[in-house]
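Okay, so here's the structure we're looking at.
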Amino acid sequence: MSTTKSSTAALTLAAIGVVYGDIGTSVLYAVKEVFGSGHVPFTQANVYGILSILFWTLTVIVSLKYVVLVLRADNHGEGGLVAMLALASQSVKDRPQLRAGLLSAGIFGTSLFYGDGVITPAISVLSAVEGLEVVSPHFKRFVLPLTLLVLFCLFVVQKRGTAGIGRFFGPITLVWMLSIALLGVAQIVHHPEILAALSPHYALGFLWSQPGTSFIILGAVVLCVTGAEALYADLGHFGKRPIRIAWFTVVMPALVLNYFGQGALLLAEPEAVKNPFFMMAPDWALLPLVGLATLATVIASQALITGAFSVTKQVIQLGYLPRLNILHTSVHDKGQIYIPFVNWGLFVAIVLAVGMFRSSSNLAAAYGIAVTLDMLITTVLTFFVLRYGWRYPLVLCAASTGCFFVIDLAFFSSNLLKLFQGGWFPLLIGGAVFTLMMTWKRGRQLLNDKLLSDAIDLRSFLDAVFVSPPTRVEGTAVFLSAEQGVVPNALLHNLKHNKVLHAQNLFVTVCNHEEPWVGLDRRLQIEALGHDCWQVTIHYGFKNDPDVPRALQLLRGHGCAVEPMTTSYFLSRDTVIPSFGGGMAPWREKLFAQMHRNASAAADFLHLPNNAVVELGSKIEL
Numbered sequence: 369m370s371t372t373k374s375s376t377a378a379l380t381l382a383a384i385g386v387v388y389g390d391i392g393t394s395v396l397y398a399v400k401e402v403f404g405s406g407h408v409p410f411t412q413a414n415v416y417g418i419l420s421i422l423f424w425t426l427t428v429i430v431s432l433k434y435v436v437l438v439l440r441a442d443n444h445g446e447g448g449l450v451a452m453l454a455l456a457s458q459s460v461k462d463r464p465q466l467r468a469g470l471l472s473a474g475i476f477g478t479s480l481f482y483g484d485g486v487i488t489p490a491i492s493v494l495s496a497v498e499g500l501e502v503v504s505p506h507f508k509r510f511v512l513p514l515t516l517l518v519l520f521c522l523f524v525v526q527k528r529g530t531a532g533i534g535r536f537f538g539p540i541t542l543v544w545m546l547s548i549a550l551l552g553v554a555q556i557v558h559h560p561e562i563l564a565a566l567s568p569h570y571a572l573g574f575l576w577s578q579p580g581t582s583f584i585i586l587g588a589v590v591l592c593v594t595g596a597e598a599l600y601a602d603l604g605h606f607g608k609r610p611i612r613i614a615w616f617t618v619v620m621p622a623l624v625l626n627y628f629g630q631g632a633l634l635l636a637e638p639e640a641v642k643n644p645f646f647m648m649a650p651d652w653a654l655l656p657l658v659g660l661a662t663l664a665t666v667i668a669s670q671a672l673i674t675g676a677f678s679v680t681k682q683v684i685q686l687g688y689l690p691r692l693n694i695l696h697t698s699v700h701d702k703g704q705i706y707i708p709f710v711n712w713g714l715f716v717a718i719v720l721a722v723g724m725f726r727s728s729s730n731l732a733a734a735y736g737i738a739v740t741l742d743m744l745i746t747t748v749l750t751f752f753v754l755r756y757g758w759r760y761p762l763v764l765c766a767a768s769t770g771c772f773f774v775i776d777l778a779f780f781s782s783n784l785l786k787l788f789q790g791g792w793f794p795l796l797i798g799g800a801v802f803t804l805m806m807t808w809k810r811g812r813q814l815l816n817d818k819l820l821s822d823a824i825d826l827r828s829f830l831d832a833v834f835v836s837p838p839t840r841v842e843g844t845a846v847f848l849s850a851e852q853g854v855v856p857n858a859l860l861h862n863l864k865h866n867k868v869l870h871a872q873n874l875f876v877t878v879c880n881h882e883e884p885w886v887g888l889d890r891r892l893q894i895e896a897l898g899h900d901c902w903q904v905t906i907h908y909g910f911k912n913d914p915d916v917p918r919a920l921q922l923l924r925g926h927g928c929a930v931e932p933m934t935t936s937y938f939l940s941r942d943t944v945i946p947s948f949g950g951g952m953a954p955w956r957e958k959l960f961a962q963m964h965r966n967a968s969a970a971a972d973f974l975h976l977p978n979n980a981v982v983e984l985g986s987k988i989e990l
């Protein structure tokens, strides 16, 4: 019992650091942007109304939608938009058109994650460093350079892995949560009447009396829930219970106390609106608070960067991106990965964002569209999981997701007002990534169709070959093929040029499934073809690490032993030539050909031994 309690406590502490880093730093800018917009006059009624809206936004979107509802929709214990997408698509697999629409929506939502991944570190770190301006106006010229330096150091260390420092994320973020709670309490004790804003009638009164202003400021109010999607994304790492305990016992109370403390300060000193968070602190605590805020935002950014690596790996295995160079940064934790292309791509985009917008207030204009659209897509996918996956009654499904849909739509619509003020930036990034993903997926379909149209049935081919068998040499040959039951090009080239067959031949196809994990009991599917030849299918989930040599070791119990020292792996290295008359627009065919050319080697992705791989090339017109 004590062991279970200590494990839950450790996971809860870790979840505070990883899951809630982003939403925990929203106190730096959310209130400032709501009142700093100039749309809300400083009256007691307005301050009460805004605080009530902030509190009930946290309650409805985070507590009810994500913590209570969405966390239940796990995909074999895993969460995140990719897991939700896979779950929803499987729920409607008997409805092809609906499934295709959901897949497109889910992939678009996944693409928007990268836009969010650019804005979040930029606005978080910049808003923390801007605290120096409160210390002294002379520090203003150092804000941008120092922000870029912090971000550069953050991205540089990624290749070394974060396993060593990751254990400090939880304690540091816990200290941050306690600090922001104390800052809020210190202000609330002077104006305890501010706690009356917990009542929903203040929020409803503000919305009713000022509908136009309410709609406009929703674009700033949503800043208080940015990062809520991490609750679901990190489900597989921590589990439901630690995430829920962390939210209700630490994170939400700390956020609410700080928001209400900022409100109390604004009632007493309206001029504090230029940076209410840092102006809550006494002078002696400003510099330590800036340092702590910077650490907290770095941790929040780190969690998002790690999430970007994980999401990229998942969409690669689902077939929506070409293979990229993936490095494992820990020998103990397979989840610790580093993708250089994603890392430096994010950094370049973040530098552009900081350079273009130059302040957290300007970045706030770009923040929100991608987040709210992701939330909207999550709600839609949740409906289909409830209705078609869990077979709940339509009325119950509509009631449980309909209200969230209306709220998400209101927030998204409000954020559309910021489209030309900066909202276009994350949408541009998301749209570019979506184009790449859909082009790759469609290109792979066309390429496979082309290969299948020219394919030769494997069993018939082997029967013909062994009528007059070629010379057999010792060892095992593993021929990798994208499709089952067809002759790999590598085999044809091997027979044509080398005129030999190995004593044992395995025709291996790797299949990735729309579920996170495939256990060892379902890893292999084997079919004997005669003449010491076997058709082997290796099954992986989108969170499994493909490792063909390790999987083939499971053949020992099936009368087919694979000895590493005498095994050769044959791959076909296809070169795609755009034909400009196929199934895609010419520019998309050129794009696919370029992506195919620059994809990392299949041998590395499948963990094949470098000294045992033979690649035989061929050209294919798309």
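So for the sequence shown, this note's numbering puts the first residue at 369; every next one is plus one. Backbone N, C-alpha and C fix where the C-beta goes; we use that ideal spot for every residue, glycine too.
Check	Outcome
Among 792, 660 and 447, the one whose alpha carbon lies nearest that of residue 539	660
Spatially closest choice to residue 588 from 885, 866, 867 and 736, by CA coordinates	736
Proximity below 7 angstroms, CB of residue 972 to CB of residue 739	no
Residues near residue 977 in its chain [Cβ-Cβ closer than 8 angstroms; skip 5 each side]	917, 932 and 937
Straight-line gap, residue 674 to residue 464 (C-alpha atoms, nearest Å)	33 angstroms
Residue nearest to residue 707 in terms of C-alpha spacing, selected from 600, 680, 913 and 724	680
Stretch-stretch touch, CB-based, cutoff 8 angstroms, three pairs: the stretch 565–580 with the stretch 639–658	no
Member of 830, 843 and 489 whose CA lies at the smallest distance from the CA of residue 389	489
Proximity to residue 668 [Cα-Cα], best of 495, 954 and 563	495
Inter-residue spacing [alpha-carbon to alpha-carbon] between residue 815 and residue 974	20 angstroms
Terminal residues of the beta strand (DSSP E) in which residue 592 lies	Careful: residue 592 lies outside any beta strand (DSSP E) and carries neither H nor E.
Spatially closest choice to residue 629 from 547, 614, 723 and 925, by CA coordinates	547
Per-residue DSSP class, three states only, for residue 970	helix
Beta-carbon contacts of residue 369 that lie in its chain and below 6 angstroms, excluding the five residues immediately before and after	For residue 369, the predicted structure reports a pLDDT of 45, less than 50, and the residue's modelled location is therefore unreliable. A value from the coordinates is still provided. Same-chain partners within the cutoff: there are none.
Residue span of the alpha helix (DSSP H) that contains residue 817, given as start and end	792–821
Residue 603 versus residue 611 - alpha carbon distance	8 angstroms
DSSP state of residue 479 mapped onto helix, strand, coil	helix
Rounded separation between residue 431 and residue 508 - CA only	38 angstroms
Cutoff 6 angstroms; reference residue 801; Cβ partners in own chain excluding five residues on either side	479 and 482
Exposed unless 16 or more other CB atoms sit within 10 angstroms - verdict on residue 813	exposed
Own chain, CB closer than 7 angstroms to residue 852, minus 5 neighbours either side, in chain order	877, 903 and 905
Beta carbon of residue 545 nearer than 7 angstroms to that of residue 618	yes
N- and C-terminal bounds of the beta strand (DSSP E) containing residue 904	901–909
Cβ-heavy atom distance, residue 623 to the ligand FAD, below 6 angstroms	Among the components of this structure there are no ligands whatsoever, and the ligand FAD is therefore not found.
Cβ pair residue 543, residue 515 closer than 7 angstroms	no
Whole-angstrom distance between residue 846 and residue 826, CA atom to CA atom	14 angstroms
Buried or exposed by the 16-neighbour rule on C-beta atoms within 10 Å, applied to residue 406	exposed
Helix, strand or coil at residue 889 according to DSSP, with G and I counted as helix	helix
Cβ pair count under 8 angstroms reaching 3, the stretch 715–724 against the stretch 413–425	no
Buried versus exposed call for residue 964 [16 or more other C-beta atoms within 10 Å across all chains shown]	buried
Own chain, CB closer than 6 angstroms to residue 773, minus 5 neighbours either side, in chain order	747
Span separating the alpha-carbon of residue 376 from that of residue 798	36 angstroms
Residues near residue 752 by beta carbon distance below 7 angstroms, same chain, minus five either side	456, 459, 460 and 470
Beta carbon of residue 901 nearer than 7 angstroms to that of residue 866	no
Residue range of the beta strand (DSSP E) that includes residue 688	That residue, residue 688, is in no beta strand (DSSP E); it is neither H nor E in DSSP.
Assumed close pair residue 477, residue 449 - CB separation to whole angstroms, cut-off 8 angstroms	5 angstroms
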